[in-house]
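Listed in order, the protein sequences are those of chains A and B.
Each residue of the first sequence is one higher than the last, beginning at 1 in the working numbering.
Each residue of the second sequence is one higher than the last, beginning at 10001 in the working numbering.
Backbone N, C-alpha and C define an ideal beta-carbon position, used for all residues, glycine too.
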Amino acid sequence: MRRMDKGVSSKSPRKSGHTPFLRRRDLVQSPVKPPKFRIQVKLRRSRRGQRRWEKSQEEVRGEVAGTVETKGGTPFELLQTAAGRQDAGAWDSPSRPEEALLLRVVLPLSSLAAPAPSPPPLAVSRKWSYAGSGCRERNLGTPGSGLEAARPARAVLPPARAAAAPGVAMTSELDIFVGNTTLIDEDVYRLWLDGYSVTDAVALRVRSGILEQTGATAAVLQSDTMDHYRTFHMLERLLHAPPKLLHQLIFQIPPSRQALLIERYYAFDEAFVREVLGKKLSKGTKKDLDDISTKTGITLKSCRRQFDNFKRVFKVVEEMRGSLVDNIQQHFLLSDRLARDYAAIVFFANNRFETGKKKLQYLSFGDFAFCAELMIQNWTLGAVDSQMDDMDMDLDKEFLQDLKELKVLVADKDLLDLHKSLVCTALRGKLGVFSEMEANFKNLSRGLVNVAAKLTHNKDVRDLFVDLVEKFVEPCRSDHWPLSDVRFFLNQYSASVHSLDGFRHQALWDRYMGTLRGCLLRLYHD
Amino acid sequence: MPGKLKVKIVAGRHLPVMDRASDLTDAFVEVKFGNTTFKTDVYLKSLNPQWNSEWFKFEVDDEDLQDEPLQITVLDHDTYSANDAIGKVYIDIDPLLYSEAATVISGWFPIYDTIHGIRGEINVVVKVDLFNDLNRFRQSSCGVKFFCTTSIPKCYRAVIIHGFVEELVVNEDPEYQWIDRIRTPRASNEARQRLISLMSGELQRKIGLKVLEMRGNAVVGYLQCFDLEGESGLVVRAIGTACTLDKLSSPAAFLPACNSPSKEMKEIPFNEDPNPNTHSSGPSTPLKNQTYSFSPSKSYSRQSSSSDTDLSLTPKTAPYPQGPRIYLCPSSPSLSCGSLHLKKSCLLLSESSLTPHHSSLVSPVLRKSVSFSEELFLAASGMGSGSAGKEGGPFKALLRQQTQSALEQREFPFFTLTAFPPGFLVHVGGVVSARSVKLLDRIHNPDEPETRDAWWAEIRQEIKSHAKALGCHAVVGYSESTSICEEVCILSASGTAAVLNPRFLQDGTVEGCLEQRLEENLSTRCGFCHIPYDELNMPFPAHLTYCYNCRKQKVPDVLFTTIDLPTDATVIGKGCLIQARLCRLKKKAQAEANATAISNLLPFMEYEVHTQLMNKLKLKGMNALFGLRIQITVGENMLMGLASATGVYLAALPTPGGIQIAGKTPNDGSYEQHISHMQKKINDTIAKNKELYEINPPEISEEIIGSPIPEPRQRSRLLRSQSESSDEVTELDLSHGKKDAFVLEIDDTDAMEDVHSLLTDVPPPSGFYSCNTEIMPGINNWTSEIQMFTSVRVIRLSSLNLTNQALNKNFNDLCENLLKSLYFKLRSMIPCCLCHVNFTVSLPEDELIQVTVTAVAITFDKNQALQTTKTPVEKSLQRASTDNEELLQFPLELCSDSLHSHPFPPVKEHLESASSNSGIPAAQRDRCSSWIELIKLKAQTIRRGSIKTTVTVEKASPVGDGNFRNRSAPPCANSTVGVVKMTPLSFIPGAKITKYLGIINMFFIRETTSLREEGGVSGFLHAFIAEVFAMVRAHVAALGGNAVVSYIMKQCVFMENPNKNQAQCLINVSGDAVVFVRESDLEVVSSQQPTTNCQSSCTEGEVTT
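Right, here's the structure in full:
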């Protein structure tokens, strides 16, 4: 503490109090001179706000030449009493002769003209917020998030103080618990992940009946929650790079718990992911998070965490070779299922598929993830060449170019008719909605093929799902096709192309239709 | 003389970004030892550099090896400006200096910076080639083992317990040097850390020298403390118990690695004393306890036949003394101040005034025990306390006399141990303690710490005389502590007066006579409770009854001790944590006035703390306290007293009486009613507690026991017996008149408060037990789950209307809330017991109270508990019938024999699976192989054949095992961090400690100038403590260990300045690094063991401490 005051010119009086040796020597060297004494202003102990104040006193010290000892009175009175005692030799202590020259003074604050700033508030107590800010965040290279996040924490203050001990004159300044094995309470972790402030978390825990079960008090609960929040806050840095969590030495966490921490941290809310799926993971989107928060009822903090997770995963695997799922699993140690979900999210974000349109609202994240997986497996660069960069992220441009060739299926009238007759022959009697199918065949086929032909343009790629729903799902649904009929139809529709003699792009068609068939079947529901 | 230290820097990981432009770091490493520095190449642009350096070799004296830490600094290379420090690693290479411990330190160390905390990790390999040094002039003491554990370490056997060793070194605190005004906080912190590291190295070396002189080879119960005296300097002091230990597995006694003590003996004391002037430094006559010493070392000392250095007192020939002996009468009549639960505060101001009644017994000892000045002593020996002595018959000595004389020879017959080999402890007298208030002044010459030494010598002398008053010749469970506030310092020492069995104090070959054995067998179960003092000539009034166990000897009605519960003691029910908490306001004052004020308050504090303890003990329906630790902390405007102990019901002691309440105000109807209501409440609580702690003592009618001696008058005095002078006793007697045994008088509001506070202590929730001793009495079926933790709380008192009551209430609430919090946090471990609960109170500022708790939660099996209630009795019977050492060695022999029948297959498989596991990091494999090498070496010397070796190999791979378990969890399969357990206990439940790797003693400073950003004070300290744990674990893992036992956080000094956004914290921790093997793993080896005998005794060895 003492050293921390360094830099301020005034030293604590105790420090300067240690020159007695010097003075004593002076005395010996010049016995003629009467001993000089000096005022030593002993303050109530310099702390906090008193620092400035003390500085002003030091000037006083320089001016008065004499030593003073008292417990009250004006400086001049003090001076006199001290001098008197000095003469009387009452303060000559045989054991410590040097003490005789140095008398400590306690000056009342008011006796000095120095402007005394009001003493620091007693209940300075909790200054800190869970979200932290500045320094730590800077280290992570994610500026900004800290300051914003500090907001909810402020709400913590009043109850914290109230809970400390109502009616008792004490406040808890510091309260920590550190275990050799880091304690992790799953319930509190969930509350933290859900973005609740400590106050809310405590309230929720109280409601869960934990007090009755354990016989604890609200203050205990408060302290426990704070502790966990602090731990999670410290762990968060490591959770951003899960392999670090495994190798770090600061927290000793059993492997099963580590897995749980990571898995839960990277878990996301269905409602949230539907909102951002296919959007660019940029600052702009991040700014819209409060809208999403209000819309979905998920706390802003939780939204931010989920968004940052998406973005972080995206950034890490963006330029990586090899399988997308494997990369995610390796760098974030996620379970297989969660890694697949993240692959889908990354894939959608990279290709910016539109998913927010009203007509797509009926689709779940699972539907999109299923489609994404099919597309990654068949339509990306990685599907053909496993050594390319970005292989699983970007669609195979060549393949998209080639898809134009499919246009012949609808452009060539003969081919279209032949195709239709093949399908109709095969499906006659097997389809409940045969007549509707027959009537709509050209439209449907045209729709599907046109979707393929348009995929060279980025914009049309983005609208892929909108187009699919508009061109295929909606017409079928309006005719009340059962799912089984759709399956029959699509199977036959894609298979019969092989019998078209004039059509040469069989492989291309299979690559396109194989995936599209799977997607459409998944997309076809209410 | 020389040793060669070899260091290799392998790699770094998770380094911080030092170059903002590239987000990378150009790191290199400086390796410094003593004055030599080596550097690695700069590894450009990486956060995970791979230096893979050559071996840096330092050729150094072994003295330096002991003193200096290896200093590794990681820096960021900067072409244009100065290189930025990333952080440092200090490695204490002491564990490499004795043959049985680690051979290599290798592993990942956190890179620590005092401003930023841990910043990445570095992989380092350290080896030492030590040449054997037979130079008799040497100053080093390599080879002496140090243990923090306060019992004989698990895999050793005590051949001789030599006794007390102490040492103290002082220096200026770098924080208070002038240079501190111009250097950065970081430089200042680092200077401090380095200095303390150096000082503790030096201290350890010096103590080691003393041990070698006593012909010991180890220090057990090593307790090292720092006194941050501010401007007056920095004191590092240590106490311990010198022993000759013998590795249990080896048939022959292990002598110290570099022993030729008899030759060195001549010169070492001379060299030891850096300043020849010491002779004259003790101006007064130093105290002498005996005229002649019988140790063989005597003949080597230079001029005369007298020597009172406590280190030359190995009483090898004690039973056959060559000269006349002098020993003190057990209870000297002049001592009226002693009491069973002796609370003494001696107020020594400015080294001058000794309280008069002491001076008759104790003359000030102003000399360090190491230094010697023969001529003076000869003169002095006639006077001093020896005057009360008489000559003992040299032959045919009774047990007691024998021991007594053996111990009397020592300057300080103290033992820092709290648990003893069975049979060692004969009788226990009670707690003895002494306190002294001192004014700190600047230490003029760091080489000559004689003032501080004299202070402690005084206190120890007083403790010794107290013990003598209790008819005891030794003090066990001894510890020392200080509390400093500004210039005032309270020195405290406490221990338990005891009578010891001389067998362990001498060479193992010297056999005690037959009677001795007999007596031992008779008294093992209850013997230690029997009074050591003369019944007719009691040093204080006490209430004695015949022992409820053997009915032959007298026992007191309550027993307070600072030691752990002896393993053979019969306990009824379970124990519990009992705390007395007290605050007293004090006027702010300076220097001497302050010291006087404190001195005046101390006796009252002690008195009240003691009363509180006694009342709470009664309320729990128990009759003995173990592990008593009274801490008195001084602050600017208050004094705090906190006493913690574990209450138990000893079967040998009488049933405690209840508590009666008496009102002073006569004939007030409502008042009477109130009192009777209160009385009822208290009675209910006692009944409830008895049920809770399962205390159902067998009913014994009074007639059988024999009539108790006491009269009511004495009984009442017992409660109030702490007061010092006889005047006070009478005074108290007047006020407590003819009341019955434990009467609480409600004559004022104070007393009312007391009674209320008695009832406010909430028992722990069901499924929880707590104690501050090693293990909970009455629970012996521990399961393997342990959780060590540290909890810190600081509260701010409002300064407005502070009264003693409000203060007490606040403090009480603080402690109670803290305990409640702990119970809540650990609720997932139920049923469990908080063991070794260690509270530390400090008063960092005017209105701040800081409480630090370290403890371990251990789970136990509730179902088994019900069945095993009888075991303690059986166990003790078993013990009584078998020779103890044999019992201890037995299981090991059996295990090895059993391997003859199934020698290799299981072991081999295990090893194969270990090595085939591709996941083992290279470093670890290295470690394993080096173990194997070591073990092979040992096998040759041991001549035991290969069987034994395989056992040890199996035992030596626990780290690997731990990792397999880690790996089994799927997604985190490639974790390289081995689990390191930490515990304040000396054992690990459900596991066997196979090897001690050395002492861990670390000191850290952390400072921040961005307190708010780091999460405020709580966030800052939370992170720091977590970092300290991490660094301890990393060091243990690097030594090849997988646990720290006897872990203790000795200091946690926290200071903050929120206005400047600053905070600083100092933490000192220590413990023993060990390798343990799970018992379940052991069973794989000896799985088909037919004899249950082995296993049962194995487990017994584990549980007992």
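Check each candidate in the options and name the one with the smallest Cα separation from residue i.
i	options	result
residue 279(A)	171(A), 499(A) and 344(A)	344(A)
residue 10223(B)	10168(B), 10195(B), 10179(B) and 10248(B)	10168(B)
residue 10458(B)	10478(B), 10439(B), 10470(B) and 10493(B)	10493(B)
residue 10815(B)	10852(B), 10203(B), 10983(B) and 10798(B)	10852(B)
residue 11032(B)	10144(B), 11021(B), 11000(B) and 10230(B)	11000(B)
residue 10174(B)	10235(B), 10219(B) and 10217(B)	10235(B)
Closest Cβ-Cβ distance between residue i and chain A: below 9 angstroms?
i	result
residue 11054(B)	yes
residue 10793(B)	yes
residue 10455(B)	no
residue 10214(B)	no
In angstroms with no decimal places, state the Cα-to-Cα distance between residue i and residue j.
i	j	result
residue 10998(B)	residue 10828(B)	33 angstroms
residue 242(A)	residue 10769(B)	38 angstroms
residue 10623(B)	residue 10687(B)	15 angstroms
residue 10627(B)	residue 10653(B)	18 angstroms
residue 157(A)	residue 290(A)	The predicted position of residue 157(A) is uncertain, since its pLDDT is 34 and thus under 50; no value can be drawn from it.
residue 10421(B)	residue 10587(B)	48 angstroms
residue 275(A)	residue 525(A)	20 angstroms
residue 520(A)	residue 468(A)	8 angstroms
residue 508(A)	residue 10047(B)	46 angstroms
residue 10783(B)	residue 10860(B)	5 angstroms
residue 10077(B)	residue 227(A)	38 angstroms
At the 9 angstroms Cβ level, is residue i part of the contact set with chain B, yes or no?
i	result
residue 233(A)	yes
residue 482(A)	no
residue 510(A)	no
residue 318(A)	no
residue 251(A)	yes
residue 466(A)	no
residue 221(A)	yes
residue 328(A)	no
If I follow the unbroken beta strand (DSSP E) through residue i, where does it start and stop?
i	result
residue 10782(B)	10782 to 10797
residue 10120(B)	10117 to 10130
residue 10998(B)	10991 to 11008
residue 11052(B)	11043 to 11057
Just to confirm before moving on: does the CB-CB distance between residue i and residue j stay below 9 angstroms?
i	j	result
residue 10104(B)	residue 10010(B)	no
residue 10242(B)	residue 10214(B)	yes
residue 10480(B)	residue 10225(B)	yes
residue 10051(B)	residue 10017(B)	no
Following the continuous alpha helix (DSSP H) through residue i, name the residue where it begins and the one where it ends.
i	result
residue 411(A)	408 to 411
residue 198(A)	198 to 207
residue 509(A)	506 to 523
residue 10066(B)	10062 to 10067
residue 10611(B)	10591 to 10619
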